[in-house]
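In what follows, a single structure is set out as structure tokens and then discussed.
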Amino acid sequence: MVDTVPVTGVPRESARRARQRSVGRRLRRAATPLLWIGPAIALVGVVVLWPVYEMFRTSFQRFSPNGFFLGSAGWRNFTDLFAEADLRDILVRTVLWVVVVVGITMLISLALAQLFNERFPGRRVARWALIAPWAASVVMTSLIFRWALDPNSGVINVLLHDVGLLKSYGSSQADWLGRPNAAFVWMMVVAIFVSLPFSTYALLAGLQTIPVELYEAARVDGASTWRAYRSITLPLLRPSFLVAALINVINVFNSFPIIWEMTRGGPGHETSTTTVFMFQLKQAYIGESAAMSVLNFALVIIVVLVFLKATRWREQVS
Amino acid sequence: MTTLVAEPSLTGAPVARVRRVRSVPTGKKLLFAVLAYLVAIIFLLPYAEMVITAMRPNNELLDRGYVPQHWDWSNFTSIWKTGFGTNLKVSLAVAGGATLLVMLVALPAAYYTARSRFRGRGLFLLLVLVTQMFQPAAMLVGIQREFLSFNLPSPVFSLILVNAGFNLAFSVWILNAYFSSIPAELEEAAMVDGTSRLGALARITLPLALPGIVTALIFTFIGAWNEFIVALTLTSAPQQYPLTVAINNYVGQYSVDWGHLFAGSVIATIPVIILFAFIEGKVVGGLTAGSIK
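Chains W and U supply the protein sequences, listed in that same order.
When you number the first sequence by my numbering, it's gap-free, plus one each residue, and the end is 318.
When you number the second sequence by my numbering, it's gap-free, plus one each residue, and the end is 293.
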């Protein structure tokens with residue numbers, strides 16, 4: 001290249017080119033990250049963030065029951081929502097749903113994680129069995145339970161009858177899903193059942209980070225197993241416990257298929273949580289449904305903020 | 001019982017304890033094993049009931065025996081006449097499409113955030129972390145309004161986009177962890193030997209990150225395969241339904257077609273449970289944003 005350029009022209013020419021190149025390079029340096037992460041940002045923007053905006057917008061709009069846009073609604077969707085006679089019960093039920101399901105799930109998971117952390121022959125196979133409710137669709141798991149609770153021939157009722165806990169088939173006692181309170185308890189059982197695998201695996205991962213030497217030291221000091229569990233395992237398991245519990249809170253709060261498949265939230269709204277209620281409203285009152293969504297979303301945001309604090313995201317990111 | 005002595009002598013106690021630890025394990029181990037198998041069976045029972053009901057002849061559906069008197073495969077053959085094949089294809093298209101899209105988008109993003117400390121990297125990872133906690137149910141109305149306004153030719157496209165978007169975070173996170181654990185020097189060494197950057201990526205980095213890639217692939221596929229509430233909202237005709245909605249559709253207003261419902265469930269569930277077994281140990285790290293591992 002140099003040979004073809006006149007000798008005198010070399011410095012000026014190359015300086016100009018260098019300048020051009022540096023502008024280009026700076027542009028390229030700014031654009032390079034966008035090339036790599038741009039598609040991800042675009043996908044998240046269109047699919048995850050835009051619906052949030054649409055949801056807020058819809059919550060201030062008025063629609064006819066079959067979905068025709070009728071103009072601005074001001075705060076009417078929210079005042080309508082708060083005027084719903086059932087809302088108070090639904091809110092209380094939602095809190096109960098999340099607290100009871102997550103609470104019991106985490107307690108059982110503590111025991112299961114401890115059990116599956118022990119060494120015994122066939123541990124791997126036993127752990128595989130644990131994942132079934134995690135991998136299977138919750139829709140189908142819920143339908144299995146609905147079928148098993150059939151008042152006339154459901155296998156749970158057959159079992160209860162065989163051990164003497166159920167007096168007669170087809171009775172109102174056998175119709176678990178027909179009674180709102182009993183139905184809600186059974187749906188909690190299903191929710192716990194499908195939440196256990198993830199929680200147990202999360203705690204198992206947490207257990208594996210605890211150095212064995214700590215237990216050896218405790219044993220040398222004469223600590224009992226229970227004492228070692230309380231003073232070593234529980235405190236060191238706290239971070240994984242917290243993160244697993246928070247993820248469960250989100251999952252259980254957003255859980256829709258269990259209630260939908262087992263009772264459709266009914267009779268009326270008597271077994272609905274706010275997520276199911278949002279879906280029921282959506283059929284005819286999309287504006288009010290959006291208002292309910294906005295409330296649900298606010299709750300999610302609070303949990304996300306706690307999650308960010310718990311995961312110490314800054315350390316993760318760096 | 002020597003350990004119950006209130007103040008064991010300094011020399012005596014360890015000996016007694018060591019003996020206890022050595023003599024008991026077999027019994028203890030057995031107890032743990034039995035307990036764990038019991039738990040495992042309890043976890044599998046509902047799915048056993050699913051298979052049993054699928055293979056129960058229709059005239060035995062109301063019987064109270066734990067297992068049918070005759071085993072019957074006919075639900076698995078007659079289900080294809082209910083349009084189930086179309087629904088299976090929709091599910092394959094949605095889950096396959098979403099997985100492909102997630103990979104196309106997540107691989108470069110995860111690789112770049114692992115290799116380069118560019119400006120805005122922290123912000124990007126924060127976005128990923130936050131969206132991981134978002135689920136479609138909380139913003140369903142927004143999704144419905146947005147995607148109806150897009151007027152896409154088929155809900156399959158909407159479902160591919162939605163499933164990809166909501167499953168992206170997991171893949172970015174787990175792939176980022178894998179790429180970060182592979183030293184950049186390995187790639188540089190290959191490049192010194194005359195391989196191009198892309199060649200080094202394809203021949204060195206991607207194979208080493210394969211466990212992470214497989215985990216992301218399977219997890220996204222299963223997530224999209226099992227998704228229900230968005231599919232229920234965005235589809236309107238039976239031939240548009242993916243499996244979850246199709247199976248929900250066997251529940252009629254007055255009667256439920258349990259035989260086909262569970263035959264369909266078996267076909268839809270058993271493969272993903274087996275698939276999940278392959279990635280079982282690696283999922284937690286991606287779900288908890290690595291804060292546990």
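Idealized CB from N, CA, C, for every residue including glycine.
Cα-Cα separation between residue i and residue j, rounded to whole angstroms
{"i": "residue 130 of chain U", "j": "residue 254 of chain W", "result": "16 Å"}
{"i": "residue 84 of chain W", "j": "residue 294 of chain W", "result": "16 Å"}
{"i": "residue 136 of chain U", "j": "residue 245 of chain U", "result": "16 Å"}
{"i": "residue 198 of chain W", "j": "residue 269 of chain W", "result": "30 Å"}
{"i": "residue 157 of chain W", "j": "residue 147 of chain W", "result": "10 Å"}
{"i": "residue 149 of chain U", "j": "residue 89 of chain U", "result": "25 Å"}
{"i": "residue 28 of chain W", "j": "residue 176 of chain U", "result": "23 Å"}
{"i": "residue 78 of chain W", "j": "residue 225 of chain U", "result": "35 Å"}
{"i": "residue 143 of chain W", "j": "residue 256 of chain W", "result": "13 Å"}
{"i": "residue 124 of chain W", "j": "residue 43 of chain W", "result": "38 Å"}
{"i": "residue 199 of chain U", "j": "residue 289 of chain W", "result": "52 Å"}
{"i": "residue 147 of chain U", "j": "residue 236 of chain U", "result": "13 Å"}
{"i": "residue 259 of chain W", "j": "residue 217 of chain W", "result": "48 Å"}
{"i": "residue 242 of chain W", "j": "residue 195 of chain U", "result": "46 Å"}
{"i": "residue 308 of chain W", "j": "residue 193 of chain U", "result": "43 Å"}
{"i": "residue 280 of chain U", "j": "residue 156 of chain U", "result": "28 Å"}
{"i": "residue 154 of chain U", "j": "residue 117 of chain U", "result": "40 Å"}
{"i": "residue 181 of chain W", "j": "residue 267 of chain W", "result": "11 Å"}
{"i": "residue 39 of chain W", "j": "residue 72 of chain U", "result": "50 Å"}
{"i": "residue 283 of chain U", "j": "residue 66 of chain W", "result": "42 Å"}
Residue i, buried or exposed, once every other Cβ within 10 Å from all chains shown has been counted against 16
{"i": "residue 31 of chain W", "result": "exposed"}
{"i": "residue 119 of chain W", "result": "exposed"}
{"i": "residue 269 of chain U", "result": "buried"}
{"i": "residue 154 of chain W", "result": "buried"}
{"i": "residue 327 of chain U", "result": "Nothing about residue 327 of chain U can be read from this structure; chain U reaches only from 1 to 293."}
{"i": "residue 339 of chain W", "result": "Beyond the ends of chain W as shown, which are 1 and 318, falls residue 339 of chain W; an answer cannot be given."}
{"i": "residue 149 of chain W", "result": "buried"}
{"i": "residue 22 of chain U", "result": "Only weak support is given to the placement of residue 22 of chain U: the predicted model assigns it a pLDDT of 47, under 50, and the value that follows is read from those uncertain coordinates. It is exposed - the Cβ of residue 22 of chain U has fewer than 16 other Cβ atoms within 10 Å."}
{"i": "residue 80 of chain U", "result": "exposed"}
{"i": "residue 219 of chain U", "result": "buried"}
{"i": "residue 112 of chain U", "result": "buried"}
{"i": "residue 226 of chain W", "result": "exposed"}
{"i": "residue 167 of chain W", "result": "exposed"}
{"i": "residue 107 of chain W", "result": "exposed"}
is_contact[residue i, chain W] using C-beta, thresh 7 Å
{"i": "residue 170 of chain U", "result": "no"}
{"i": "residue 82 of chain U", "result": "no"}
{"i": "residue 32 of chain U", "result": "yes"}
{"i": "residue 280 of chain U", "result": "yes"}
{"i": "residue 229 of chain U", "result": "yes"}
{"i": "residue 29 of chain U", "result": "yes"}
{"i": "residue 226 of chain U", "result": "yes"}
{"i": "residue 265 of chain U", "result": "yes"}
Under 7 Å between C-beta atoms of residue i and residue j
{"i": "residue 208 of chain U", "j": "residue 247 of chain U", "result": "no"}
{"i": "residue 101 of chain U", "j": "residue 164 of chain U", "result": "yes"}
{"i": "residue 133 of chain W", "j": "residue 184 of chain W", "result": "no"}
{"i": "residue 114 of chain U", "j": "residue 158 of chain U", "result": "no"}
{"i": "residue 263 of chain W", "j": "residue 271 of chain W", "result": "yes"}
{"i": "residue 91 of chain U", "j": "residue 243 of chain U", "result": "yes"}
{"i": "residue 262 of chain U", "j": "residue 54 of chain U", "result": "yes"}
{"i": "residue 174 of chain W", "j": "residue 151 of chain W", "result": "yes"}
{"i": "residue 191 of chain W", "j": "residue 139 of chain W", "result": "no"}
{"i": "residue 124 of chain U", "j": "residue 37 of chain W", "result": "yes"}
{"i": "residue 84 of chain U", "j": "residue 223 of chain U", "result": "no"}
{"i": "residue 63 of chain W", "j": "residue 69 of chain W", "result": "yes"}
Chain U contact for residue i (CB, 7 Å cutoff)
{"i": "residue 106 of chain W", "result": "no"}
{"i": "residue 296 of chain W", "result": "yes"}
{"i": "residue 254 of chain W", "result": "yes"}
{"i": "residue 55 of chain W", "result": "yes"}
{"i": "residue 118 of chain W", "result": "yes"}
{"i": "residue 378 of chain W", "result": "The question about residue 378 of chain W has no answer here: the residues shown for chain W are numbered 1 through 318."}
{"i": "residue 262 of chain W", "result": "no"}
{"i": "residue 139 of chain W", "result": "yes"}
{"i": "residue 300 of chain W", "result": "yes"}
{"i": "residue 245 of chain W", "result": "no"}
{"i": "residue 176 of chain W", "result": "no"}
{"i": "residue 293 of chain W", "result": "yes"}
{"i": "residue 258 of chain W", "result": "no"}
Open item on the list: Is it the case that the stretch 138 to 154 of chain U contacts the stretch 48 to 55 of chain W, given that we only count it when at least three CB pairs across the two stretches are under 8 Å?
Closed with: yes
Open item on the list: When you compare the stretch 161 to 174 of chain W with the stretch 68 to 78 of chain U, are there three or more beta-carbon pairs, one atom per stretch, that lie closer than 8 Å?
Closed with: no
TODO: Would you check if the stretch 235 to 246 of chain W and the stretch 207 to 215 of chain W touch, i.e. whether three or more CB-CB distances between them fall below 8 Å?
DONE: yes
- [ ] Take every Cβ of the stretch 107 to 122 of chain W, pair it with every Cβ of the stretch 36 to 43 of chain U, and state whether three or more of those distances are shorter than 8 Å.
- [x] yes
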